[in-house]
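Numbering (this note's numbering), first residue to last: 61 to 132.
Notes follow the structure.
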């Protein structure tokens with residue numbers, strides 16, 4: 061069964077996963093106040109990139125970078 065959006069994992073729990081790419085989200089002025097929507101956007105982008113899991117690698121300022129993973 062294919063997920064409709066990827067699931068966030070903790071960086072420490074990477075055993076059993078392989079990184080397949082990254083996704084980047086640039087927040088608009090509303091994005092800072094609605095972090096849940098930003099995470100949902102990242103999850104959808106990670107799924108579109110072929111992943112089923114992701115973790116946030118960088119979240120400084122207006123930019124969030126997530127590493128897209130899938131189970132080995």
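Even for Gly, the Cβ is constructed at its ideal location relative to N, Cα and C.
Residue i and residue j closer than 7 Å at C-beta
i	j	result
residue 109	residue 125	no
residue 122	residue 85	no
Residue i versus residue j: straight-line alpha-carbon distance, rounded
i	j	result
residue 100	residue 65	8 Å
residue 70	residue 115	6 Å
residue 89	residue 75	36 Å
residue 119	residue 132	26 Å
One or two residues paired with residue i in a DSSP bridge
i	result
residue 119	124
residue 85	124
residue 67	113
7 Å CB neighbourhood of residue i in its chain, flanking five on each side removed
i	result
residue 111	66, 80, 128, 129 and 130
residue 106	66, 83, 114, 126 and 128
Contacting residues, own chain, Cβ-Cβ under 8 Å from residue i (five flanking each side not counted)
i	result
residue 103	65, 66, 67, 68 and 114
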